[in-house]
Amino acid sequence: MRRLNRRLLAVWAVLSAITVIYIWIDHSADHHGTAHASSAVTVIALLLAAVKVRIIMREFMEVRNAPILLCRLTDAWIAGMSAAMIGFYLAGRAVAT
Amino acid sequence: MTVAEVSTPPCRTRQVPGQPDMWFFVLFESLIFTSYFCVYLYYRAQHEAAYLAAQSQLTLWLGVVETIVLLTSSWSIARCVEQSRNGRYDVARRDAFLTAGFGVIFLILKVVEWVRQIHLGNTFSSGDFFQYYFFLTAIHLVHLLIGFVVVGVAIHQLSSPRRRSQELVETCATYWHTVDFLWVLIFALLYVVR
Numbered sequence: 003m004r005r006l007n008r009r010l011l012a013v014w015a016v017l018s019a020i021t022v023i024y025i026w027i028d029h030s031a032d033h034h035g036t037a038h039a040s041s042a043v044t045v046i047a048l049l050l051a052a053v054k055v056r057i058i059m060r061e062f063m064e065v066r067n068a069p070i071l072l073c074r075l076t077d078a079w080i081a082g083m084s085a086a087m088i089g090f091y092l093a094g095r096a097v098a099t
Numbered sequence: 614m615t616v617a618e619v620s621t622p623p624c625r626t627r628q629v630p631g632q633p634d635m636w637f638f639v640l641f642e643s644l645i646f647t648s649y650f651c652v653y654l655y656y657r658a659q660h661e662a663a664y665l666a667a668q669s670q671l672t673l674w675l676g677v678v679e680t681i682v683l684l685t686s687s688w689s690i691a692r693c694v695e696q697s698r699n700g701r702y703d704v705a706r707r708d709a710f711l712t713a714g715f716g717v718i719f720l721i722l723k724v725v726e727w728v729r730q731i732h733l734g735n736t737f738s739s740g741d742f743f744q745y746y747f748f749l750t751a752i753h754l755v756h757l758l759i760g761f762v763v764v765g766v767a768i769h770q771l772s773s774p775r776r777r778s779q780e781l782v783e784t785c786a787t788y789w790h791t792v793d794f795l796w797v798l799i800f801a802l803l804y805v806v807r
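Chains R and Z, in that order, are what the protein sequence lines are.
Per the working numbering, residue 3 is the first one in the first sequence, and the count goes up by one each step.
Per the working numbering, residue 614 is the first one in the second sequence, and the count goes up by one each step.
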């Protein structure tokens, strides 16, 4: 029980740490305090969010203990969501130029 | 608890956490939200300067605090499920109350943020970015309010020995985690993407 509680605490700490990384990404993307559009920042932000969603599903939602079908389905779902978001973003950029 | 009990169980003993119907709902909801996100990103990429100017009026650290508060609520409900599974119903009930408490903190922070934006003159009709901002955060908040009812059901279940259903507690937790991971995506889209 204590071991499992420590695992949940570690999961929460990792998720919170990834959230704090966003502040660093935001600061590093600015040039002298001015925000600039950046496809690299956008893609990294979306991929980090996808990693967080997967951790929430695997650990908090206990998908790691679920039947293989649900494991594969949720992984495919996250991959599909991420691909769609990045794809639509890049398509929008392509249309704009 | 031994290491073997913590590690992944063999395939034949694996069970879907909660009711399978809730998983259909989770996948369906994430599909609906993904369609909103795709439309937002598509138009954002075409009008980057306008979106960046509007986005710069959001406070990133407030979004970070909101995210960590909601992650903490998810952690609480995950502990609730585990305590309930081990028959420690009083502790499980306390964790469910903590989950609702962190949800209330998130709700207050979100309302404070909305009021601040409205005072700055940023409303639903202040351009595309704030239209998406208010739409996405409001529809998420509706899910959060439903989440309070769901956590209430879990607390009700845990309160009496005659009602205790582990499957229902897991189902309630699955819904709450969905509210959490949808916010994780909304936070990245509204506060961080460039």
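Where a beta carbon is used, it is the ideal one built from N, C-alpha and C, also for glycine.
From a predicted model like this one, the values you see are computed outputs, not experimental measurements.
Below 8 Å on the Cβ atoms is my contact criterion, and I expect residue i with residue j to pass it. Report the Cβ-Cβ distance as a whole number of Å.
{"i": "L50 of chain R", "j": "A751 of chain Z", "result": "Incorrect: roughly 25 Å between the Cβ atoms, too far for contact."}
{"i": "R698 of chain Z", "j": "Q632 of chain Z", "result": "Contact flag wrong, Cβ pair sits at about 16 Å."}
{"i": "I799 of chain Z", "j": "H732 of chain Z", "result": "Not really, about 22 Å apart at Cβ, beyond 8 Å."}
{"i": "L757 of chain Z", "j": "L720 of chain Z", "result": "6 Å"}
{"i": "R807 of chain Z", "j": "A39 of chain R", "result": "5 Å"}
{"i": "I27 of chain R", "j": "I46 of chain R", "result": "6 Å"}
Where does residue i sit, in a helix, a strand or coil, going by DSSP?
{"i": "Q670 of chain Z", "result": "coil"}
{"i": "P633 of chain Z", "result": "helix"}
{"i": "M87 of chain R", "result": "helix"}
{"i": "R692 of chain Z", "result": "helix"}
{"i": "F737 of chain Z", "result": "coil"}
{"i": "T76 of chain R", "result": "helix"}
{"i": "Q628 of chain Z", "result": "coil"}
{"i": "T657 of chain Z", "result": "The amino acid at residue 657 of chain Z is misidentified as Thr; the sequence shows Arg. DSSP places R657 of chain Z in helix when its eight states are reduced to three."}
{"i": "V806 of chain Z", "result": "coil"}
{"i": "N699 of chain Z", "result": "coil"}
{"i": "R9 of chain R", "result": "helix"}
{"i": "R776 of chain Z", "result": "coil"}
{"i": "V616 of chain Z", "result": "Reliability of the predicted coordinates at V616 of chain Z is poor, the pLDDT of 41 falling under 50, and the value obtained from them is presented with this limitation in mind. Reduced to three states, the DSSP call for V616 of chain Z is helix."}
As a quick exercise: from the options, pick the residue whose alpha carbon is nearest that of residue i.
{"i": "L10 of chain R", "options": "R:P69, R:L48 and R:M59", "result": "R:M59"}
{"i": "K54 of chain R", "options": "R:S41, R:L71, R:Y24 and R:L72", "result": "R:Y24"}
{"i": "A86 of chain R", "options": "Z:T647, Z:V766 and Z:Q670", "result": "Z:T647"}
{"i": "P69 of chain R", "options": "Z:V766, Z:Q628, Z:A786 and Z:I645", "result": "Z:Q628"}
{"i": "A705 of chain Z", "options": "Z:A786, Z:F638 and Z:G716", "result": "Z:A786"}
{"i": "G714 of chain Z", "options": "Z:L654, Z:W674, Z:W789 and Z:Y664", "result": "Z:W789"}
{"i": "R777 of chain Z", "options": "Z:Y702, Z:E679 and Z:L644", "result": "Z:Y702"}
{"i": "W688 of chain Z", "options": "Z:Q744, Z:T712 and Z:V724", "result": "Z:T712"}
{"i": "Y649 of chain Z", "options": "R:T76, R:N7 and R:M83", "result": "R:M83"}
{"i": "F742 of chain Z", "options": "Z:E661, Z:V678, Z:F761 and Z:G760", "result": "Z:E661"}
{"i": "A42 of chain R", "options": "R:R8, R:T99, R:R74 and R:I88", "result": "R:I88"}
Start and end of the alpha helix (DSSP H) containing residue i?
{"i": "S772 of chain Z", "result": "D741 to S772"}
{"i": "T99 of chain R", "result": "Segment: none, T99 of chain R is in no alpha helix (DSSP H) and carries neither H nor E."}
{"i": "E783 of chain Z", "result": "Q779 to F800"}
{"i": "V65 of chain R", "result": "Unbroken run through V65 of chain R: none, as it is neither H nor E."}
{"i": "I731 of chain Z", "result": "Y702 to H732"}
{"i": "I57 of chain R", "result": "S41 to I57"}
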